[in-house]
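Student: There's a structure below that I have some questions on.
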Amino acid sequence: MDSDGTQDARGTHASPVPRPAGPPEVPAMPPRPPRAPGMPPLPDGSAFLTWLRAPRPDAAPGVWRFGHRPRPAEEPEEIPTRQLLSGALIAFLVGWLIWSLLQNGYLGTWWWVPFDLIVPDAWRGGDSDLGETGTFVVYQGYELLVALGIMVGAARLGRWGEVWRRFVTPRFRRPEAQETRTTPEDDPAQWNELRAAGAADAAERLTADARTGLMRDVDHARIVRAWQGVRTGRHSLATFTGAVLKDGAAACLHPSGERDLPARLARHDLVTGQVRLGTTVDDVRNPYAYRGTGLALGPDLLGTSLVAVGPAGSGKTGTVVRPLAESLCLHALAGRAAVVVVGAAGAGLGPADAYDVVVRIGNQDSEYDLDLYGGSTDPDEAAAVLAEALVGDLADPHPGSDSRRSTTVLAQLLGPFRAVHGRFPSVPELRQLLDGAPGPFAALRQGLQEAGQESLLRELDARERQMGQPGDVGGVLGDRVALLDRPAFAGFFDTSGQSRPFTLKALDHPVRVRIDLPQRGHADASKMLARLVLAQFTASVAVREDRSLFACLLLDDATGVVTPEAVRGIQRLRSGNAGVVLTLRTLDDVARPLRGPLLGATGCRMALSGLTPWDGQDFAEVWGKEWTEARDVTDRQIIAETPAGKAVHMLRRVITGKAPTARAVTVRQVERERWSASELAHGVPAGHAVLSLTDVKGEHAPPLLVDLRG
Numbered sequence: 024m025d026s027d028g029t030q031d032a033r034g035t036h037a038s039p040v041p042r043p044a045g046p047p048e049v050p051a052m053p054p055r056p057p058r059a060p061g062m063p064p065l066p067d068g069s070a071f072l073t074w075l076r077a078p079r080p081d082a083a084p085g086v087w088r089f090g091h092r093p094r095p096a097e098e099p100e101e102i103p104t105r106q107l108l109s110g111a112l113i114a115f116l117v118g119w120l121i122w123s124l125l126q127n128g129y130l131g132t133w134w135w136v137p138f139d140l141i142v143p144d145a146w147r148g149g150d151s152d153l154g155e156t157g158t159f160v161v162y163q164g165y166e167l168l169v170a171l172g173i174m175v176g177a178a179r180l181g182r183w184g185e186v187w188r189r190f191v192t193p194r195f196r197r198p199e200a201q202e203t204r205t206t207p208e209d210d211p212a213q214w215n216e217l218r219a220a221g222a223a224d225a226a227e228r229l230t231a232d233a234r235t236g237l238m239r240d241v242d243h244a245r246i247v248r249a250w251q252g253v254r255t256g257r258h259s260l261a262t263f264t265g266a267v268l269k270d271g272a273a274a275c276l277h278p279s280g281e282r283d284l285p286a287r288l289a290r291h292d293l294v295t296g297q298v299r300l301g302t303t304v305d306d307v308r309n310p311y312a313y314r315g316t317g318l319a320l321g322p323d324l325l326g327t328s329l330v331a332v333g334p335a336g337s338g339k340t341g342t343v344v345r346p347l348a349e350s351l352c353l354h355a356l357a358g359r360a361a362v363v364v365v366g367a368a369g370a371g372l373g374p375a376d377a378y379d380v381v382v383r384i385g386n387q388d389s390e391y392d393l394d395l396y397g398g399s400t401d402p403d404e405a406a407a408v409l410a411e412a413l414v415g416d417l418a419d420p421h422p423g424s425d426s427r428r429s430t431t432v433l434a435q436l437l438g439p440f441r442a443v444h445g446r447f448p449s450v451p452e453l454r455q456l457l458d459g460a461p462g463p464f465a466a467l468r469q470g471l472q473e474a475g476q477e478s479l480l481r482e483l484d485a486r487e488r489q490m491g492q493p494g495d496v497g498g499v500l501g502d503r504v505a506l507l508d509r510p511a512f513a514g515f516f517d518t519s520g521q522s523r524p525f526t527l528k529a530l531d532h533p534v535r536v537r538i539d540l541p542q543r544g545h546a547d548a549s550k551m552l553a554r555l556v557l558a559q560f561t562a563s564v565a566v567r568e569d570r571s572l573f574a575c576l577l578l579d580d581a582t583g584v585v586t587p588e589a590v591r592g593i594q595r596l597r598s599g600n601a602g603v604v605l606t607l608r609t610l611d612d613v614a615r616p617l618r619g620p621l622l623g624a625t626g627c628r629m630a631l632s633g634l635t636p637w638d639g640q641d642f643a644e645v646w647g648k649e650w651t652e653a654r655d656v657t658d659r660q661i662i663a664e665t666p667a668g669k670a671v672h673m674l675r676r677v678i679t680g681k682a683p684t685a686r687a688v689t690v691r692q693v694e695r696e697r698w699s700a701s702e703l704a705h706g707v708p709a710g711h712a713v714l715s716l717t718d719v720k721g722e723h724a725p726p727l728l729v730d731l732r733g
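Residue numbers (our numbering): 24 to 733.
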């Protein structure tokens, strides 16, 4: 079936990669998928069915919905433990005292009046019809009723029920093994939507595979995605049904033929699309509804983009980027997403087997190359993207400034070269043209004259006149291109068709890509290549035909990548069902005029432990202030005027060691920062982060203190 999960993920490369005609053959009853952490398959499929049927109630943005138990929005007023226990004990003693006084007759016999009015006279004497035993039972029964009444009153006054719920019930509560009860009408394992649409045979096949342990979470998500394609009219019901009847849970495979990742480190829920990053701390600074809940992210939040700031060792890669990359790779296998992960070689972004394409720039053993021009055939478009990569960090970050002059210079060279050679120049050729080498310019001019390209000749003449004049950016561009014209990159960025370049035009398909930047000795080149990938990503997702596929770029260490054009590109991603994840060691790696726009362009902002007060100030400003209740407590010494009062006060001072005081409490509403710069710098424990969230629908979550290890 040619569904969203089976389209060729690499068919749009500048030089298409040789691939098999289709996914590998799968037998009618496929073998059980390999075991992966998080959901071990059982022979009868009970683990999968329990996972599938688990409750996932609607919740606020960022809440881990799998098995979530909603909490009230406001914290209930709770009696302090000491006051609760002392009150319960005092109520018991009072009840016992009253019962003792009644039993010993100190309170009179009035409490026997109801007994005299209700019980017949024949039941009272020893020679009654009931006998001595019966009479004893009647009297003792009445006394028991009175004792129970006293106990009930004491229990209500002493809040015994609250004591039981708070201190006794938790000791006998079973672990969180929630039993899920479903009816055939709402059982997701029955595939009722397929049955209602007339695909009962396909539903029976999928139900059988789920019960026998042949289906996993990725299979379920992939088939649901394919069914969505049928509902929207992209695929026919007959094709879908045929694929399911033939392959069962293995239907609609990803082009790689994989049904899971080699290993999982994080907790995933593909029904909601979430990956769990940690636990929201039970802290008074967190809203009560979030305290103690799991913190998770999904495409609905990543669609507004995320920026995470924290020093080295704070957990940006291991606790943020790696789980998100793993989650998006699972989404890609399910036909839901396309992901590009960029980082230094050896950064721990997942094994190579978890990706379809691994580009190792600077490693001569790399199977894939990177297209320097993003797969574009338009010289102006290619020039704009390349100019952003080369000198985007040199552009004035103030509003109204851009790199148009650099784009014009590159377009004056790329257009004529492509017209003559049918391709864009390689890195050495582009460097020669920018440096104004006489030989290449003369050859290019002769080719244009022979082809009769008068307009392009004028472009070339204009470039020659500008070279060497004050303000010409050609020399700066040439210096930047020289960073890529190094022996380490000799086999890369080839435009002659001899390599297998990857282009971000492939984001129309559920592809998994990892790009390893050069590690040592090429820091400036790495920053330039990171800007190139970001520029190509923002340009590619804006022109996608099918935007139902979520596209995400994860850029581990975005130092030197944030430019004015990059910020504008990030702002446009939400409408294209795409997002980026950027990590920074400090906001000082971003130009001062761009820090506010960057934090404003991203809907999700994370400040990890170890932040500097200067970085904390930027976060504090973007998170703003809130109204909160402030209590002012004043202790005033009590002055006794009578001799008896003075004696009592003296006795109290001897017992407590303090003078008698009267406490006055003043409550007022004040406006204060949600998180101050000092709190962010010194109040976030190691392994924690403060994270604010905004989803694509505009719903917000205030800054939350999160334990990334939970």
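C-beta atoms are modelled at their ideal positions from N, C-alpha and C, and glycine is treated no differently. In this text, all values refer to a predicted model and were calculated from it rather than measured experimentally.
Quick check on DSSP: helix, strand or coil for C627?
Tutor: Taking the sequence shown and counting its residues from 1, one reaches residue 627 at position 604. Looking at C627 - three-state DSSP - the assignment turns out to be strand.
Student: Curious, which full-length beta strand (DSSP E) runs of at least 3 residues does the region 224-257 contain?
Tutor: Whole beta strand (DSSP E) segments, 3+ residues: zero.
Student: Given a cut-off of 8 Å, decide if D611 and G583 are closer than it, judged by their beta-carbon atoms.
Tutor: For this step, residue 583 is matched to residue 560 along the sequence shown. For this step, residue 611 is matched to residue 588 along the sequence shown. No. Outside cutoff.
Student: What whole-angstrom Cβ distance do G599 and V556 have, given they're in contact under 8 Å?
Tutor: The residue you call residue 599 lines up with position 576 of the sequence shown. The residue you call residue 556 lines up with position 533 of the sequence shown. Actually they do not touch by this definition, with Cβ atoms about 17 Å apart.
Student: For the beta strand (DSSP E) containing F263, name the first residue and the last one.
Tutor: Start at 1 with the first residue of the sequence shown, and residue 263 comes out as number 240. Here F263 belongs to no beta strand (DSSP E); instead the alpha helix (DSSP H) covers 260-270.
Student: Alpha carbon to alpha carbon, how far is F515 from F447?
Tutor: For the purposes of this step, residue 515 is taken as residue 492 along the sequence shown, with counting starting at 1. For the purposes of this step, residue 447 is taken as residue 424 along the sequence shown, with counting starting at 1. Taking the straight line from one Cα to the other gives about 14 Å.
Student: For L731, verify whether its CB is less than 7 Å away from any heavy atom of the ligand COA.
Tutor: Ligands are entirely absent from the displayed structure, and the ligand COA is therefore not among its contents.
Student: Assuming V693 contacts H711 (C-beta within less than 8 Å), just tell me the rounded distance between them.
Tutor: Residue 693 sits at position 670 when you count from the first residue of the sequence shown. Residue 711 sits at position 688 when you count from the first residue of the sequence shown. Wrong, their Cβ atoms sit about 26 Å apart, outside the cutoff.
Student: Give the straight-line distance between the Cα atoms of G164 and P99, rounded to the nearest whole angstrom.
Tutor: Residue numbering aside, residue 164 sits at position 141 when the sequence shown is read from its first letter. Residue numbering aside, residue 99 sits at position 76 when the sequence shown is read from its first letter. Taking the straight line from one Cα to the other gives about 40 Å.
Student: Buried or exposed: which applies to W637, given that a residue is buried once 16 or more other Cβ atoms fall within 10 Å of its Cβ?
Tutor: Here residue 637 is taken as the residue at index 614 of the sequence shown, counted from 1. Per the 10 Å Cβ criterion, exposed.
Student: So, does the region 348-355 touch the region 571-588, judging by three or more C-beta pairs under 8 Å?
Tutor: The region 348-355 vs the region 571-588: in contact.
Student: Give me the Cβ distance between A273 and R282, rounded to the nearest whole Å; I'm assuming they're in contact under 8 Å.
Tutor: Mapped onto the sequence shown, residue 273 falls at position 250. Mapped onto the sequence shown, residue 282 falls at position 259. Contact flag correct, Cβ pair sits at about 7 Å.
Student: Please classify Y391: is it buried, with 16 or more other beta-carbons within 10 angstroms of its beta-carbon, or exposed?
Tutor: In the sequence shown, the residue the question calls residue 391 occupies position 368. Buried, since its Cβ has 16 or more Cβ neighbours within 10 Å.
Student: Confirm, please, whether the CB-CB distance from G398 to K528 is below 8 Å.
Tutor: As a first step, residue 528 must be located in the sequence shown, where it is residue number 505. As a first step, residue 398 must be located in the sequence shown, where it is residue number 375. In this structure, G398 lies closer than 8 Å to K528 by Cβ.
Student: Extract the residue ranges of the alpha helix (DSSP H) inside the region 293-368, only unbroken runs of 4 or more that lie entirely within it.
Tutor: Listed in chain order, they are 322-325, 345-356.
Student: For the alpha helix (DSSP H) holding D752, just list the boundary residues, first then last.
Tutor: Summary: the structure shown does not reach residue 752, with the chain confined to residues 24 through 733, and so no result is reported for it.
Student: Is it buried or exposed, P47, if we count other Cβ atoms within 10 angstroms and call 16 or more buried?
Tutor: Reading the sequence shown from its first residue, position 24 is the one you call residue 47. Confidence at P47 is low in this model, with a pLDDT of 30, below 50, so its placement is unreliable and the value that follows should be read with caution. P47 should be labelled exposed.
Student: Tell me which residue opens and which closes the alpha helix (DSSP H) that A406 is part of.
Tutor: Counted from its first residue, the sequence shown places residue 406 at position 383. Note, A406: alpha helix (DSSP H), 402-414.
Student: My assumption, with CB atoms under 8 Å, is that A331 sits in contact with Q297. Please give the rounded CB distance.
Tutor: Here residue 331 refers to the residue found at position 308 of the sequence shown. Here residue 297 refers to the residue found at position 274 of the sequence shown. Wrong, their Cβ atoms sit about 17 Å apart, outside the cutoff.
Student: In three-state terms, what does DSSP make of I538?
Tutor: Here residue 538 refers to the residue found at position 515 of the sequence shown. Strand.
Student: I'd like the ranges of any alpha helix (DSSP H) spanning at least 4 consecutive residues and lying wholly in the region 473-543.
Tutor: For the region 473-543, whole alpha helix (DSSP H) runs of length 4 or above, ordered along the chain, are 477-489, 497-505.
Student: Just the C-alpha distance for W119 and V175, rounded to the nearest angstrom, thanks.
Tutor: Within the sequence shown, residue 119 is the residue found at index 96, counting from 1. Within the sequence shown, residue 175 is the residue found at index 152, counting from 1. Going from the Cα of W119 to the Cα of V175 covers about 12 Å.
Student: Taking only runs that begin and end inside the region 594-650, name each unbroken beta strand (DSSP E) of 3 or more residues, in chain order.
Tutor: Fully enclosed beta strand (DSSP E) runs of 3 or longer: 601-607, 627-631.
Student: Quick check on E185: does DSSP put it in helix, strand or coil?
Tutor: Here residue 185 is taken as the residue at index 162 of the sequence shown, counted from 1. Here E185 sits in helix by DSSP.
Student: Let's test the definition: count the other Cβ atoms within 10 Å of the Cβ of P84 and tell me whether it reaches 16, buried, or not, exposed.
Tutor: Translated into positions along the sequence shown, residue 84 becomes position 61. Result: buried.
Student: Compare the beta carbon distance of V500 and L433 with 8 Å and say whether it is the shorter of the two.
Tutor: In the sequence shown, counting from the first residue as 1, residue 500 sits at position 477. In the sequence shown, counting from the first residue as 1, residue 433 sits at position 410. Here residue 500 is Leu; the residue named in the question, Val, does not match the sequence. Yes, the pair counts as a contact, with Cβ atoms nearer than the cut-off.
Student: So with Cβ pairs under 8 Å, would you call G498 a contact of chain D?
Tutor: The chain labelled as chain D is not found in the depicted structure, where only one protein chain is given.
Student: Look up F195 in the DSSP assignment and say whether it is helix, strand or coil.
Tutor: Position 172 of the sequence shown holds residue 195. It is helical.
Student: Can you give the Cα-Cα distance for S429 and R359, rounded to whole angstroms?
Tutor: As a first step, residue 429 is located in the sequence shown; it is residue number 406 there, counting from the start. As a first step, residue 359 is located in the sequence shown; it is residue number 336 there, counting from the start. Cα-Cα distance, rounded: 37 Å.
Student: Can you name the start and end residues of the beta strand (DSSP E) that F89 belongs to?
Tutor: Your numbering for residue 89 matches position 66 in the sequence shown. No beta strand (DSSP E) contains F89, which DSSP labels as neither H nor E.
Student: Can you give the Cα-Cα distance for L755 and L268, rounded to whole angstroms?
Tutor: Residue 755 falls outside the range modelled here, since the chain spans only 24 to 733, and no answer is possible.
Student: If you draw a straight line from the C-alpha of L716 to the C-alpha of A412, how long is it?
Tutor: For the purposes of this step, residue 716 is identified with residue 693 of the sequence shown, where counting begins at 1. For the purposes of this step, residue 412 is identified with residue 389 of the sequence shown, where counting begins at 1. Using only the alpha carbons, I get a separation of about 29 Å.
Student: If you compare alpha carbons, which of V304, L237, E216 is closest to T264?
Tutor: By 1-based counting over the sequence shown, the position of residue 264 is 241. Closest by alpha carbon: E216.
Student: Which of helix, strand or coil does DSSP assign to E281?
Tutor: Against the sequence shown, residue 281 aligns to sequence position 258. In the structure shown, E281 sits in coil (DSSP, three-state: anything other than H, G, I, E or B).
Student: Nearest-angstrom Cα distance between V169 and L108?
Tutor: Counted from its first residue, the sequence shown places residue 169 at position 146. Counted from its first residue, the sequence shown places residue 108 at position 85. For V169 and L108, the distance between alpha carbons rounds to 25 Å.
Student: By the three-class DSSP mapping on this structure, what secondary structure does Q387 have?
Tutor: Working through the sequence shown from its first residue, we reach residue 387 at position 364. Correct three-state label for Q387: coil.
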